[in-house]
Amino acid sequence: GQANAAGAITVGAVLYKNTPKFGTSTPTAASFSSRGGTSTIENVIRNKPDISGPNGVNTTVDLKGQNIDDDAYPNFFGTSAAAPHVAAAAALYIEAKQKFSSETVTPSQIKTVMTATALSMGTSTYIYGAGLIRADSMIKTFANPKPTLKSLASVGNTNFAVGDSLRVNGENLS
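Note that the sequence shown covers residues 3 to 176 in the numbering used here.
Shown next, in the form of structure tokens:
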């Protein structure tokens with residue numbers, strides 16, 4: 003179908019809890035995630051998906067699904083949840099590139115930067131493409147903002163001591 007079109011960017015799904023931010027060193031594809039593609043079209047191999055995005059995320063729309071994190075918001079699953087995250091990363095990249103570099107990027111350039119900066123999930127690209135999308139890494143391909151420290155405070159104590167938790171406030175911190 004249309005997912006095998008030459009210019010299409012297809013998306014696989016990764017449960018957000020199965021990512022490094024939540025203790026998993028290598029993200030894992032969801033069991034229902036899009037897989038495969040067409041081995042050859044006009045003698046061109048088209049492994050799909052191209053990239054993976056997070057799913058199982060919070061939403062304010064109650065879709066009557068499972069609430070996996072027991073918070074006040076229902077969770078949204080599937081490639082239908084992952085694809086908007088990838089689209090949002092593309093939109094952020096387009097806007098940032100225009101604002102900070104006065105450049106208009108092509109769909110091909112967006113696909114290239116998405117796949118080049120993705121967090122690798124292994125060698126089975128027909129399962130998760132280039133890996134998990136990283137919007138911050140996409141932006142860092144051309145932007146290198148200088149971190150600015152606004153304040154530093156000890157959490158719970160009035161004096162700084164070894165082992166204290168600190169609250170750091172600033173801009174452009176990674």
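Every residue gets a Cβ at the ideal spot worked out from N, C-alpha and C, and that includes glycine.
From this set, the options, which residue's C-alpha is nearest residue i's C-alpha?
i       : options                               : result
Tyr-18  : Gln-68, Phe-79, Ser-126 and Asp-52    : Phe-79
Ala-5   : Lys-152, Met-116 and Gly-38           : Gly-38
Ala-93  : Ile-112, Arg-48 and Glu-105           : Ile-112
Pro-147 : Ala-98, Ser-36 and Asp-52             : Ala-98
Tyr-95  : Ile-129, Asp-138 and Pro-76           : Asp-138
Gly-131 : Val-13, Leu-154 and Ala-8             : Val-13
Ala-7   : Ser-122, Ser-153, Ser-110 and Gly-133 : Ser-110
Ala-32  : Gly-133, Asn-174 and Gly-158          : Gly-133
Phe-102 : Lys-66, Ala-74 and Phe-144            : Phe-144
Tyr-128 : Ile-47, Lys-23 and Phe-24             : Ile-47
Ser-27  : Met-123, Asp-72, Ile-11 and Asn-171   : Met-123
Ala-155 : Met-140, Ile-141, Pro-149 and Gly-172 : Gly-172
Ser-126 : Pro-22, Ile-11, Leu-65 and Lys-50     : Lys-50
Val-115 : Glu-105, Ser-104 and Ile-141          : Ile-141
Pro-22  : Leu-151, Ile-135, Val-170 and Thr-160 : Ile-135
Ser-36  : Ala-74, Gly-67, Ala-85 and Leu-175    : Ala-85
Check the DSSP bridge columns for residue i and list the partner residues they point to.
i       : result
Phe-78  : Val-59
Lys-50  : Gly-38
Gly-14  : Ser-54
Val-88  : None; Val-88 has no bridge partner.
Ala-155 : Arg-169
Thr-150 : Glu-173
Leu-134 : Ser-54 and Leu-121
In the DSSP assignment, find the alpha helix (DSSP H) that holds residue i and state where it starts and stops.
i       : result
Val-115 : 109-119
Ser-139 : 137-141
Ile-129 : 127-130
Please report the Cβ distance between residue i and residue j, rounded to the nearest whole angstrom; I am assuming they are in contact, meaning their Cβ atoms lie under 8 Å.
i      : j      : result
Gly-55 : Val-88 : 4 Å
Tell me, please, whether the CB atom of residue i is closer than 9 Å to any CB atom in chain E?
i       : result
Ala-118 : The structure shown contains no chain E; it is built from a single protein chain.
Given 8 Å, three or more beta-carbon pairs between the segment 43-62 and the segment 154-170: The segment 43-62 is not in contact with the segment 154-170.
Would the segment 7-21 and the segment 53-67 be scored as touching if the rule is three or more Cβ pairs under 8 Å? The segment 7-21 and the segment 53-67 touch, with no fewer than 3 CB-CB distances between them shorter than 8 Å.
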